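A.B. asks:
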Amino acid sequence: MLIKIINVLFIHLILKQVQDDTIYKKTAVGRFFIYLKYFLNLLFYNLNLIFFLRLMFKDIELLEGG
122 MLIKIINVLF IHLILKQVQD DTIYKKTAVG RFFIYLKYFL NLLFYNLNLI FFLRLMFKDI
182 ELLEGG
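Shown next as structure tokens:
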């Protein structure tokens, strides 16, 4: 659920950044590369977030003695 909310926020930010990116917006190829760049950033951010949350929950389990 948290990741879905973060995704929606990031997609909103990405679309705003793409609107601001007027240099490459005129060509379809430029637009494609902008979307690809932001999609990859989003993907890596999510992977890092999941990894971080997993580590955090492991630490909590260790602290609780589980």
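Numbering (my numbering), first residue to last: 122 to 187. For each residue, glycine too, the CB sits at the ideal point set by N, CA and C. Note that this is a predicted model, so its numbers are computed, not measured.
(1) Just to confirm, are I124 and I171 a CB contact at a threshold of 9 angstroms?
(2) If we call anything under 9 angstroms between Cβ atoms a contact, is N128 one with L157?
(3) Below 8 angstroms, is the gap between the Cβ of N128 and the nearest heavy atom of the ligand SAM?
C.D. replies: Taking the structure as given:
(1) yes
(2) no
(3) Although the ligand SAM was asked about, the structure shown includes no ligands whatsoever.
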